[in-house]
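K.L.:
In my numbering, the protein residues as written are 1489 to 1832.
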């Protein structure tokens, strides 16, 4: 007799019990990697769906001030016909406008403050405590280390949230995902587009060498770094902080995800290690805090091993770095400075 079940949670767990993504990497040689990538990359781009129409940036520096040893700017530009992106841009005061300097896109995760904590803005005690606990001002830290950094607000966060609680009782990420899905447009893809427009903007900066642009991000910012670097070859080096772990664990088993982190059909074809593996052979650092209660260390270590197999097959194992650190969910900063100075 058929075993009865009424639980949707159990249904999903049973459904993925023996699941293997259709484009899981199983090879070991350069030829295997090239053959896999020739199939995986087009399918990945297909799953992302439609990107918006490109429009002139019409970038505006709304203010530029000295802040200690840095120049801090508020920059706004247009990313598509219906959306603009507010950013914090930081650079060392002594940086010359000679198109020779490296730049890093610094991406926030799920937090109440968006880009501002990444850029080191501390306008309240609560904000300062949040920044300190998570070592969240990596955009400012990287600028102090000699890079030009840009920290944008992602859609549904910071200044782009439509208020503190726009849909009472509902997650804005999920509501906006459903709205977009009705039109065949996905929030993750829109945020990827905005980051790609950040690259466009950095290419216009008088200080920045267009061939020396990197990206880093924490949590959902790690998601964005994974997905954008996989799709955008102009990202020359990437630091994924607290992300590469299987959808089976954090998404399906624990529901620790939202509509901003997925596109339909994604796990049918890929797990997160395959998406991160599409960054190969470019330099990649994966930060894995062992006390992370958001993305569990046993999952991120397994994800890292999957990425490592892809990098090894691509002949780029030395381009993959790992930073396993005894801290909670947050930026470690043990290897990131050395990593970006080496590869940017």
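By construction, the Cβ of each residue, glycine as well, lies at the ideal position given by its N, Cα and C atoms.
With 16 as the cutoff for other CB atoms within 10 Å, does residue 1609 come out buried or exposed?
P.N.:
Locating residue 1609 in the chain shown gives position 121, where the first residue counts as 1. Result: buried.
K.L.:
Is there contact here, the segment 1683-1703 with the segment 1667-1674, by at least three beta-carbon pairs under 8 Å?
P.N.:
Because the criterion of three Cβ pairs below 8 Å is not met, the segment 1683-1703 and the segment 1667-1674 do not touch.
K.L.:
Ignore the nearest five residues each way along the sequence and tell me which others in residue 1788's own chain have a CB closer than 7 Å to its CB.
P.N.:
Within the chain shown, residue 1788 is the residue found at index 300, counting from 1. The answer, listed in chain order, is 1732, 1733, 1776.
K.L.:
Closest to residue 1627 by C-alpha separation, out of 1618, 1639, 1569, would be which residue?
P.N.:
Taking the chain shown and counting its residues from 1, the one referred to as residue 1627 is at position 139. It is 1639 whose Cα lies nearest to the Cα of residue 1627.
K.L.:
Does DSSP put residue 1739 in a helix, a strand or coil?
P.N.:
Here residue 1739 is taken as the residue at index 251 of the chain shown, counted from 1. Helix.
K.L.:
For residue 1779, does the count of other Cβ atoms within 10 angstroms reach 16, so buried, or fall short, so exposed?
P.N.:
What you label residue 1779 is simply residue 291 of the chain shown in a count that begins at 1. Exposed.
K.L.:
Buried or exposed: where does residue 1567 fall if 16 or more other Cβ atoms within 10 Å of its Cβ makes it buried?
P.N.:
Working through the chain shown from its first residue, we reach residue 1567 at position 79. Result: buried.
K.L.:
Report the option in 1801, 1760, 1821 whose CA atom is closest to the CA atom of residue 1792.
P.N.:
Looking up residue 1792 in the chain shown gives position 304. Comparing Cα positions, the closest option is 1760.
K.L.:
Could you tell me the alpha carbon to alpha carbon distance between residue 1597 and residue 1709, rounded to whole angstroms?
P.N.:
As a working mapping, residue 1597 is identified with position 109 in the chain shown. As a working mapping, residue 1709 is identified with position 221 in the chain shown. In a straight line, the C-alpha of residue 1597 is about 5 Å away from that of residue 1709.
K.L.:
Helix, strand or coil: how does DSSP classify residue 1811 here?
P.N.:
The residue given as residue 1811 occupies position 323 in the chain shown. Strand, per DSSP.
K.L.:
Can you tell me where the beta strand (DSSP E) with residue 1567 in it begins and where it stops?
P.N.:
By 1-based counting over the chain shown, the position of residue 1567 is 79. Counting along the chain, the beta strand (DSSP E) containing residue 1567 begins and ends at 1558-1568.
K.L.:
Counting Cβ pairs, one atom from each stretch, are 3 or more of them under 8 Å apart for the segment 1525-1540 and the segment 1637-1653?
P.N.:
Segments in contact, no.
K.L.:
Find the nearest neighbour of residue 1562 within the set 1554, 1550, 1570, judged by alpha-carbon distance.
P.N.:
Translated into the one-based positions of the chain shown, residue 1562 becomes position 74. Here the closest residue by C-alpha is 1550.
K.L.:
By the DSSP assignment, the beta strand (DSSP E) with residue 1591 in it spans what residues?
P.N.:
The residue given as residue 1591 occupies position 103 in the chain shown. From DSSP, the beta strand (DSSP E) with residue 1591 extends over 1589-1595.
K.L.:
Can you say whether residue 1743 is buried or exposed, counting buried as having 16 or more other CB atoms within 10 angstroms of its CB?
P.N.:
Position 255 of the chain shown, counted from the start, is the residue given in the question as residue 1743. It counts as exposed.
K.L.:
Enumerated in chain order, which unbroken segments of the alpha helix (DSSP H) with a length of 4 residues or greater are wholly contained in the segment 1757-1792?
P.N.:
Within the segment 1757-1792, the complete alpha helix (DSSP H) runs of at least 4 residues are 1760-1765.
K.L.:
Counting Cβ pairs closer than 8 Å, one from the segment 1713-1724 and one from the segment 1765-1772, do we hit at least three?
P.N.:
Result yes; three or more Cβ-Cβ pairs closer than 8 Å.
K.L.:
In this structure, does DSSP put residue 1624 in helix, strand or coil?
P.N.:
The residue labelled residue 1624 in the question sits at position 136 within the chain shown. In this structure, residue 1624 counts as coil in the three-state DSSP scheme.
K.L.:
Would DSSP call residue 1732 helix, strand or coil?
P.N.:
Here residue 1732 is taken as the residue at index 244 of the chain shown, counted from 1. Three-state DSSP puts residue 1732 in coil, outside helix and strand.
K.L.:
Which residues does DSSP pair with residue 1725 in a beta bridge?
P.N.:
By 1-based counting over the chain shown, the position of residue 1725 is 237. Residue 1725 pairs with 1702.
K.L.:
Please state whether DSSP places residue 1554 in a helix, a strand or coil.
P.N.:
Taking the first residue of the chain shown as 1, we reach residue 1554 at position 66. Strand at residue 1554.
K.L.:
Could you check which residue in 1660, 1577, 1725, 1713 has the C-alpha nearest to that of residue 1683?
P.N.:
To locate residue 1683, count along the chain shown from 1; it is residue 195. Measuring from the Cα of residue 1683, the nearest candidate turns out to be 1713.
K.L.:
State the DSSP-derived secondary structure class of residue 1548, mapped to helix, strand or coil.
P.N.:
On the chain shown, position 60 is the one that residue 1548 refers to. Strand.
K.L.:
Exposed or buried, what is residue 1680 when buried is set at 16 or more other beta-carbons lying within 10 Å of its beta-carbon?
P.N.:
The count along the chain shown starts at 1 and reaches residue 1680 at position 192. With 16 or more other Cβ atoms within 10 Å, it is buried.
K.L.:
Just to confirm the assignment, what range does the alpha helix (DSSP H) spanning residue 1686 have?
P.N.:
Within the chain shown, the letter at position 198 stands for residue 1686. It spans 1675-1692 - the alpha helix (DSSP H) in which residue 1686 sits, taken as one unbroken run.
K.L.:
Out of 1827, 1517, 1615, which has the shortest C-alpha to C-alpha gap to residue 1802?
P.N.:
For this step, residue 1802 is matched to residue 314 along the chain shown. Comparing Cα positions, the closest option is 1517.
K.L.:
Report yes or no: do three or more beta-carbon pairs, one from the segment 1541-1559 and one from the segment 1567-1579, lie closer than 8 Å?
P.N.:
Cβ pair count under 8 Å is three or more, so yes.
K.L.:
Would you please state the rounded distance, in angstroms, between the beta carbons of residue 1758 and residue 1545? I believe it to be under 8 Å.
P.N.:
Here residue 1758 refers to the residue found at position 270 when the chain shown is read from its first residue. Here residue 1545 refers to the residue found at position 57 when the chain shown is read from its first residue. Residue 1758 to residue 1545, Cβ: 31 Å. No contact.
K.L.:
In whole angstroms, what separates the C-alpha of residue 1497 from that of residue 1663?
P.N.:
Locating residue 1497 in the chain shown gives position 9, counting from the first residue. Locating residue 1663 in the chain shown gives position 175, counting from the first residue. C-alpha separation (whole angstroms): 21 Å.
K.L.:
With DSSP as the reference, please indicate the residues paired to residue 1571 in a beta bridge.
P.N.:
On the chain shown, position 83 is the one that residue 1571 refers to. DSSP, once it has assigned bridges, lists 1568 as partnering residue 1571.
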